[in-house]
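K.L.:
Here UniProt numbering is used: the first residue of the sequence shown is 1, the next is one more, and so on.
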Amino acid sequence: MTVPTLGTLSGRQLVTDLQSLGLQIGEDSGGIARKGGAGPSDHKTITIAGQTVMVPVYTSGARRSPFQASPPDQNGASTLVRDGQPLGTIHFPAAPRFYGLTTADGIPYWKIALLHGRDTLATTVHQTCIRYADRRTSCQFCAIGQSLEADRTIAYKTPQQLAEVAKAAVELDGVRDMVLTTGTPNVVDRGAAVLEETARAIRAAVDLPLQVQCEPPRDHVWFQRLRDAGADSLGMHLEAATQAVREKIMPGKATVSVDRYMEAFASAVPIFGRGQVNTYILAGLGDSAGDILALAERLIALGVYPFVVPFVPISGTPLEDHAPPSADFMKSVLAPLGRMLREANMRSTDIRAGCGRCGACSSLSAYEH
């Protein structure tokens, strides 16, 4: 059987389709996977048409996906099939070497930080959140406690542990940047204090660009403190575009309104630089394409990079049966957003560290070209 070659343009559409519909895989597919927790949960890393992306594989939707992957060969190569028709070759990247190491106190490195995409290291410093235990206040899509309950991580990663793992990931696997996110530990600094301490320790150990992610702290002086500690970029994630959807989907987090986020962005951009502040927006939670694009226009005008990704329902959360957005809906957002970013000369390749630079959870970067 001759397997076609995937080009860049066909690859862009395939990534959009795959991230909406998911991928059926066998249990022996190997590679890098994520179940539960924060970040791109229930995903697996694949490389398609030269782009390394995260694709849903452990969701109920993925089990009904028209896409299937054959068992990979010894090099991780697999044939991607849609409705029985071979589309091309994809690869399942091997687990990084630093995953095989443990700390002096016996904790596997992979419980402290994980590889995202091709070369981004990521961790949730505090694997807890003041809102998570109460579904009246928690983000209805959040699974931050699942990986902790399953013993796939630890509740708090010390600055020393993270510095040790970051250094090893750079030296052994060529990691190029790192994301430090956190559950919200309080309503004052909202995690900025622990991120400052952690960033300082990592930058003292290794020259690695860092993105820190938290809700807007009450006092915007934290932005300069985080920058001084060595953070290269900042993520403050709105998740949804309109206040009405935010109040429905994330009732606790929505108490920090869209307007307060915009004020925080306006304070942070002069400190971190244009394009070095970004926000994660989950398409498919109830906002229309017009809602998302209207917000994106405001963000870009402020110098904030709007990283739009398709919502993926995670098993065990209140939204586990919520349908992900269709590929057509994602294209209706990403194509005009890509044009807006081009016209503003704001591109993911210029981001020093973080989700926008990694780009694995969305095909947005392919629409920038």
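Note that the Cβ used here is the ideal one computed from N, Cα and C, for glycine as well.
(1) Locate the alpha helix (DSSP H) running through residue 161, then write down its first and last residues.
(2) Between residue 275 and residue 143, is the Cβ-Cβ spacing less than 8 Å?
(3) Taking the alpha helix (DSSP H) that residue 360 falls in, what are its first and last residues?
(4) Output needed for residue 326: all residues of its chain with C-beta closer than 8 Å, excluding positions within five of it in sequence on either side, in chain order.
(5) Relative to the alpha-carbon of residue 314, which residue among 47, 106, 15 and 146 has its alpha-carbon at the smallest distance?
(6) Along the chain, which unbroken stretches of the alpha helix (DSSP H) at least 4 residues long are found entirely within the region 62-112?
(7) Skipping 5 residues on each side, what residues in its chain have a beta carbon closer than 7 Å to that of residue 2?
(8) What would DSSP say about residue 254, mapped onto helix, strand or coil?
(9) Please state whether the Cβ-Cβ distance between residue 127 and residue 148 is less than 8 Å.
(10) So, with DSSP's three-state summary, where would you put residue 263?
(11) Would you identify the three-state DSSP class for residue 239, choosing helix, strand or coil?
(12) Which residues mark the beginning and the end of the alpha helix (DSSP H) in which residue 305 is found?
(13) Enumerate, from N- to C-terminal direction, the unbroken alpha helix (DSSP H) stretches of 4 or more residues contained entirely within the region 330-359.
(14) Give the range of the beta strand (DSSP E) segment to which residue 53 is assigned.
(15) Mind checking whether residue 230 and residue 280 have CB atoms under 8 Å apart?
(16) I need the straight-line Cα distance from residue 74 to residue 151, nearest angstrom please.
(17) Secondary structure at residue 156, three-state DSSP: helix, strand or coil?
(18) Could you name the residues that DSSP lists as bridge partners for residue 248?
(19) Compute the Euclidean distance between the alpha carbons of residue 195 and residue 185, then round it to the nearest angstrom.
(20) If you draw a straight line from the alpha carbon of residue 159 to that of residue 199, how long is it in whole angstroms?
(21) When the Cα atoms are used, what is the spatial distance from residue 70 to residue 49?
(22) Just verifying my parser: in three-state terms, what is the DSSP assignment at residue 283?
(23) Should residue 354 and residue 177 be called a contact, given that it needs their Cβ atoms to be closer than 8 Å?
(24) Specify the secondary structure class of residue 177 as computed by DSSP and reduced to three states.
(25) Going by DSSP, name the residue or residues bridged to residue 211.
(26) Where does residue 121 fall in DSSP's three states?
(27) Using the C-alpha atoms, what's the distance from residue 140 back to residue 260?
(28) Would DSSP call residue 187 helix, strand or coil?
(29) Does the region 161-170 come close enough to the region 334-351 to have 3 or more Cβ pairs within less than 8 Å?
(30) Quick one, which of 263, 238, 265 and 264 has its alpha-carbon nearest residue 252's?
(31) Start and end of the beta strand (DSSP E) containing residue 137?
(32) For residue 340, which residues from the same chain have a beta carbon less than 8 Å from its beta carbon, with the 5 sequence-adjacent residues on both sides left out?
(33) Following the continuous beta strand (DSSP E) through residue 47, name the residue where it begins and the one where it ends.
(34) Quick one, are the C-beta atoms of residue 304 and residue 277 less than 8 Å apart?
(35) Start and end of the beta strand (DSSP E) containing residue 226?
P.N.:
With the structure as the only source:
(1) On the sequence shown, residue 161 is found 161 positions in, with the first residue counted as 1. 159-173 is the span of the alpha helix (DSSP H), which, as asked, contains residue 161.
(2) Counted from its first residue, the sequence shown places residue 275 at position 275. Counted from its first residue, the sequence shown places residue 143 at position 143. For residue 275 and residue 143, no; Cβs fall outside 8 Å.
(3) Position 360 of the sequence shown holds residue 360. That residue, residue 360, is in no alpha helix (DSSP H); it is neither H nor E in DSSP.
(4) In the sequence shown, residue 326 corresponds to position 326, counting from 1. 20, listed in sequence order.
(5) Counting from 1 along the sequence shown, the entry for residue 314 is found at position 314. Taking only the C-alpha atoms, the option nearest residue 314 is 146.
(6) Runs found: none.
(7) Within the sequence shown, numbered from 1, the residue matching residue 2 stands at position 2. Caution applies to residue 2, whose pLDDT of 47 falls short of 50 and renders its modelled position unreliable; the value that the coordinates give is listed next. Here the set comprises nothing.
(8) Taking the first residue of the sequence shown as position 1, residue 254 is located at position 254. Looking at residue 254 - three-state DSSP - the assignment turns out to be helix.
(9) Along the sequence shown, read from residue 1 onward, the residue named residue 127 stands at position 127. Along the sequence shown, read from residue 1 onward, the residue named residue 148 stands at position 148. Yes, Cβ-Cβ distance for residue 127 and residue 148 is below 8 Å.
(10) Sequence index remark: in the sequence shown, residue 263 carries index 263 (1-based). If DSSP states are grouped into helix, strand and coil, residue 263 belongs with the helices.
(11) Working through the sequence shown from its first residue, we reach residue 239 at position 239. It is a strand residue.
(12) Your numbering for residue 305 matches position 305 in the sequence shown. Not the alpha helix (DSSP H): residue 305 falls in the beta strand (DSSP E), residues 304-310.
(13) 355-358
(14) Taking the first residue of the sequence shown as position 1, residue 53 is located at position 53. Note, residue 53: beta strand (DSSP E), 51-56.
(15) Residue numbering aside, residue 230 sits at position 230 when the sequence shown is read from its first letter. Residue numbering aside, residue 280 sits at position 280 when the sequence shown is read from its first letter. Result no, Cβ atoms of residue 230 and residue 280 do not sit closer than 8 Å.
(16) The residue given as residue 74 occupies position 74 in the sequence shown. The residue given as residue 151 occupies position 151 in the sequence shown. Distance between the alpha carbons of residue 74 and residue 151 is about 29 Å.
(17) Mapped onto the sequence shown, residue 156 falls at position 156. Residue 156 sits in a strand when the DSSP states are folded into three classes.
(18) Counting from one through the sequence shown, the residue named residue 248 turns up at place 248. Answer is none; residue 248 lacks a bridge partner.
(19) One-based indexing of the sequence shown puts residue 195 at position 195. One-based indexing of the sequence shown puts residue 185 at position 185. Going by the C-alpha atoms only, they are around 11 Å apart.
(20) Looking up residue 159 in the sequence shown gives position 159. Looking up residue 199 in the sequence shown gives position 199. Rounded to the nearest angstrom, the two C-alpha atoms are 8 Å apart.
(21) Mapped onto the sequence shown, residue 70 falls at position 70. Mapped onto the sequence shown, residue 49 falls at position 49. Looking at the two C-alpha atoms, the distance is approximately 17 Å.
(22) Here residue 283 refers to the residue found at position 283 when the sequence shown is read from its first residue. It is a strand residue.
(23) Numbered from its first residue, the sequence shown carries residue 354 at position 354. Numbered from its first residue, the sequence shown carries residue 177 at position 177. Yes, these two residues count as a Cβ contact at 8 Å.
(24) In the sequence shown, the residue the question calls residue 177 occupies position 177. Correct three-state label for residue 177: strand.
(25) In the sequence shown, residue 211 corresponds to position 211, counting from 1. Answer is 179 and 233, bridged to residue 211.
(26) Numbered from its first residue, the sequence shown carries residue 121 at position 121. In the structure shown, residue 121 sits in a strand (DSSP, three-state: E or B).
(27) Walking along the sequence shown from the start, residue 260 turns up at place 260. Walking along the sequence shown from the start, residue 140 turns up at place 140. The alpha-carbon atoms of residue 260 and residue 140 are separated by roughly 21 Å.
(28) If you number the sequence shown from 1, residue 187 lands on position 187. Residue 187 falls in the coil class under three-state DSSP.
(29) no
(30) Here residue 252 refers to the residue found at position 252 of the sequence shown. Of the candidates 263, 238, 265 and 264, the one whose C-alpha sits nearest the C-alpha of residue 252 is 238.
(31) For the purposes of this step, residue 137 is identified with residue 137 of the sequence shown, where counting begins at 1. Premise fails: residue 137 is in no beta strand (DSSP E) and is neither H nor E.
(32) Stepping through the sequence shown from its first residue, residue 340 is reached at position 340. So the qualifying residues of the chain are 293, 296, 297 and 300.
(33) By 1-based counting over the sequence shown, the position of residue 47 is 47. Looking at the DSSP string, the run of the beta strand (DSSP E) that includes residue 47 is 43-48.
(34) The residue labelled residue 304 in the question sits at position 304 within the sequence shown. The residue labelled residue 277 in the question sits at position 277 within the sequence shown. Yes; because the gap between Cβ atoms is below 8 Å, this pair is in contact.
(35) Locating residue 226 in the sequence shown gives position 226, where the first residue counts as 1. Note, residue 226: premise wrong, no beta strand (DSSP E); alpha helix (DSSP H) at 221-228.
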